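A.B. asks: Pasting a structure below so you can have a look.
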Amino acid sequence: MGSMNKTKTLINICISCMMVMLFIFNYSGVSYAEESKTLSFNSVVEVESYSLEEEYLEAGKDATVLLVLHNVNVDSAAKNIILSVSSNSGLIYPLYGNDNQFFIGTLEADGRTTVKIPLSVSSRLIDDYVEFNCSITYENNGTRVSNSSSLILPIRNNDTVSVSSVDVSAQAKVNSKSLLSIVYANTGTNSINDATVFVKGNVSEESKKINLDSIAAGKSYAKDFSIVFTESGEQKISILLSYTGIYGEHVESELGDYIVNVSEEKESWIPRSTERGSFRMLGRVISLMAFVMASMIIFLYIKKR
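Just so you know, the sequence shown maps onto residues -10 to 294 in this note's numbering.
Shown next, in the form of structure tokens:
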């Protein structure tokens, strides 16, 4: 009887141990299954990064913005994505033939896509930065969702000195001063101190390099300069503007080619003028002598009477 009781006790202990182990195993398995099935269904589409193909915006030049859109959610897709862009400055706007909306379509979970946005840039753009606004709308599980962000695009004003007019006299004489007129302005926000006009052609050494001195920011100028031709005939000259930009870069602008008819200097002009003066003086002396002689004859005639 005692041995049977021991056997029952041993069996009960074994059963209890098996139940405890089974409970622990089942609890761990449920916990793991619940953790692996924890999913998020709220997609967020955002501008992950952006850049300019040209690195900078430049006044009066077209540009392209590259936007990288990212669906941050790793479990669900975002559908019917529409991107809208704008700028409150009024200085950048969609390139001709494009509007400000771009249909992206579907972006899978944790997906990315790059969008190219062509822009036109106003010639009045003179600041250092301009804002660029992005609005993203999309569908997620039948719900329309929106997200927006504001970006800053850098500006690079290379053509700080703008030349609006160049006037060269069409006629000139060898070794004589000829007129060169230039109308120019500094459209930037910094002064330019080394602007120089170079004249290429058969001109004197002093005429080949003309310093414009300091050009103050936002100021306009109209100045006259002299150039001296060293050879006669139909002479072609090329005019070039050079200066250092606000970023330390060397900027050159071709101002055009000009044809000037240069005539020989007439050396006989001065002797003829002197000859005319001598004849005038001789005539005056002869007239004076005739007057004196006539006066003496009249005086002697009256005295004899």
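Note that the Cβ used here is the ideal one computed from N, Cα and C, for glycine as well.
In this text the structure is predicted, and so the values were computed from the model without any measurement.
The beta strand (DSSP E) with Thr103 in it runs from where to where?
C.D. replies: Numbered from 1 along the sequence shown, position 114 holds the residue referred to as residue 103. Element bounds for Thr103: 101 to 110.
A.B. asks: Got a sec? Which residues, its chain only, sit under 8 Å from Ile141 by beta carbon, not counting five neighbours each side?
C.D. replies: Here residue 141 corresponds to residue number 152 of the sequence shown, with the count starting at 1. Hits under 8 Å: Tyr118, Val119, Glu120, Phe121.
A.B. asks: Out of Gly94, Thr95, Ser75, state which residue places its alpha-carbon closest to the alpha-carbon of Asn87.
C.D. replies: Residue 87 sits at position 98 when you count from the first residue of the sequence shown. Selected option, being the one with the closest Cα: Ser75.
A.B. asks: If you check the beta carbons only, do Leu55 and Thr103 fall under 9 Å apart?
C.D. replies: Sequence index remark: in the sequence shown, residue 55 carries index 66 (1-based). Sequence index remark: in the sequence shown, residue 103 carries index 114 (1-based). Contact: yes.
A.B. asks: Do Val150 and Asn175 come within 9 Å of each other at the CB atom, strictly closer than that value?
C.D. replies: Residue mapping note: residue 175 aligns to position 186 of the sequence shown, counting from 1. Residue mapping note: residue 150 aligns to position 161 of the sequence shown, counting from 1. Result yes, Cβ atoms of Asn175 and Val150 sit closer than 9 Å.
A.B. asks: Should Val240 and Ser231 be called a contact, given that it needs their Cβ atoms to be closer than 9 Å?
C.D. replies: What you label residue 240 is simply residue 251 of the sequence shown in a count that begins at 1. What you label residue 231 is simply residue 242 of the sequence shown in a count that begins at 1. A contact, by the Cβ cut-off of 9 Å.
A.B. asks: Alpha carbon to alpha carbon, how far is Asn164 from Ser153?
C.D. replies: Here residue 164 refers to the residue found at position 175 of the sequence shown. Here residue 153 refers to the residue found at position 164 of the sequence shown. If I take the Cα positions, the gap works out to 29 Å.
A.B. asks: So what does Ala174 bridge to, in DSSP terms?
C.D. replies: Here residue 174 is taken as the residue at index 185 of the sequence shown, counted from 1. Answer is Ser151, Ser209, bridged to Ala174.
A.B. asks: Within the same chain, show all residues whose beta-carbon is closer than 6 Å to that of Met282, passing over the 5 residues directly before and after it, in chain order.
C.D. replies: Sequence index remark: in the sequence shown, residue 282 carries index 293 (1-based). Hits under 6 Å: none found.
A.B. asks: Does DSSP put Glu194 in a helix, a strand or coil?
C.D. replies: Here residue 194 corresponds to residue number 205 of the sequence shown, with the count starting at 1. Helix at Glu194.
A.B. asks: Need the endpoints of the beta strand (DSSP E) that Asp51 sits in, please.
C.D. replies: Numbered from 1 along the sequence shown, position 62 holds the residue referred to as residue 51. Looking at the DSSP string, Asp51 is not in any beta strand (DSSP E), and its letter there is neither H nor E.
A.B. asks: To the nearest angstrom, how far is it from the Cα of Gly131 to the Cα of Pro143?
C.D. replies: Against the sequence shown, residue 131 aligns to sequence position 142. Against the sequence shown, residue 143 aligns to sequence position 154. Computed Cα separation, rounded: 38 Å.
A.B. asks: What residue range is occupied by the uninterrupted beta strand (DSSP E) comprising Arg133?
C.D. replies: Here residue 133 refers to the residue found at position 144 when the sequence shown is read from its first residue. Taken as a continuous stretch (DSSP letters only), the beta strand (DSSP E) holding Arg133 covers 132 to 143.
A.B. asks: Please state whether the Cβ-Cβ distance between Ile171 and Ser193 is less than 9 Å.
C.D. replies: As a position in the sequence shown, residue 171 is number 182, starting the count at 1. As a position in the sequence shown, residue 193 is number 204, starting the count at 1. Taking 9 Å as the Cβ cut-off, Ile171 and Ser193 do not qualify as a contacting pair.
A.B. asks: With a CB to CB cut of under 6 Å and the five nearest residues on each side skipped, what residues in its chain are close to Ile199?
C.D. replies: As a first step, residue 199 is located in the sequence shown; it is residue number 210 there, counting from the start. Cβ neighbours of Ile199 beyond the five flanking positions: Val186, Phe214.
A.B. asks: Just list the residues that DSSP pairs Thr185 with in beta bridges.
C.D. replies: Taking the sequence shown and counting its residues from 1, one reaches residue 185 at position 196. DSSP, once it has assigned bridges, lists Asn200, Ser231 as partnering Thr185.
A.B. asks: Suppose you measure from the CA of Gln224 to the CA of Lys162; what does that come to, to the nearest Å?
C.D. replies: Here residue 224 is taken as the residue at index 235 of the sequence shown, counted from 1. Here residue 162 is taken as the residue at index 173 of the sequence shown, counted from 1. Each residue's Cα considered, the two are about 11 Å apart.
A.B. asks: Taking 8 Å as the threshold, find out whether the stretch 97 to 117 comes into contact with the stretch 45 to 59 through three or more Cβ pairs.
C.D. replies: Verdict: yes, contact present.
A.B. asks: Over what stretch of residues does the beta strand (DSSP E) that includes Leu96 continue unbroken?
C.D. replies: Within the sequence shown, the letter at position 107 stands for residue 96. Counting along the chain, the beta strand (DSSP E) containing Leu96 begins and ends at 90 to 96.
A.B. asks: Which residues in the same chain as Tyr210 place their Cβ atom closer than 6 Å to its Cβ, once the five residues preceding and following it in sequence are excluded?
C.D. replies: Residue 210 sits at position 221 when you count from the first residue of the sequence shown. Hits under 6 Å: Tyr173.
A.B. asks: For Tyr85, does the count of other Cβ atoms within 10 angstroms reach 16, so buried, or fall short, so exposed?
C.D. replies: Sequence index remark: in the sequence shown, residue 85 carries index 96 (1-based). By the 10 Å Cβ count, Tyr85 comes out exposed.
A.B. asks: Can you give me the start and stop residues for the beta strand (DSSP E) that Asn77 sits inside?
C.D. replies: The residue labelled residue 77 in the question sits at position 88 within the sequence shown. Neither: Asn77 is in no beta strand (DSSP E) and is coded neither H nor E.
A.B. asks: Measure from the alpha carbon of Asp156 to the alpha carbon of each residue in Glu43, Gly245, Ser38, then state which is nearest.
C.D. replies: Start at 1 with the first residue of the sequence shown, and residue 156 comes out as number 167. For the residues Glu43, Gly245, Ser38, the minimum Cα distance to Asp156 belongs to Gly245.
A.B. asks: Quick check on the burial criterion: 16 or more other C-beta atoms within 10 angstroms. Buried or exposed for Met278?
C.D. replies: Reading the sequence shown from its first residue, position 289 is the one you call residue 278. Burial call: exposed.
A.B. asks: By a C-beta neighbour count over all protein chains shown, 10 Å radius and 16 as the cutoff for buried, is Ala52 buried or exposed?
C.D. replies: Translated into positions along the sequence shown, residue 52 becomes position 63. When all chains shown are included, Ala52 counts as buried.
A.B. asks: Rounded to whole angstroms, what's the CA-CA distance from Val36 to Ser138? Just pull it up for me.
C.D. replies: Stepping through the sequence shown from its first residue, residue 36 is reached at position 47. Stepping through the sequence shown from its first residue, residue 138 is reached at position 149. One C-alpha to the other measures close to 7 Å.
A.B. asks: Which residues in the same chain as Ser78 place their Cβ atom closer than 6 Å to its Cβ, once the five residues preceding and following it in sequence are excluded?
C.D. replies: Position 89 of the sequence shown, counted from the start, is the residue given in the question as residue 78. Hits under 6 Å: Val119.
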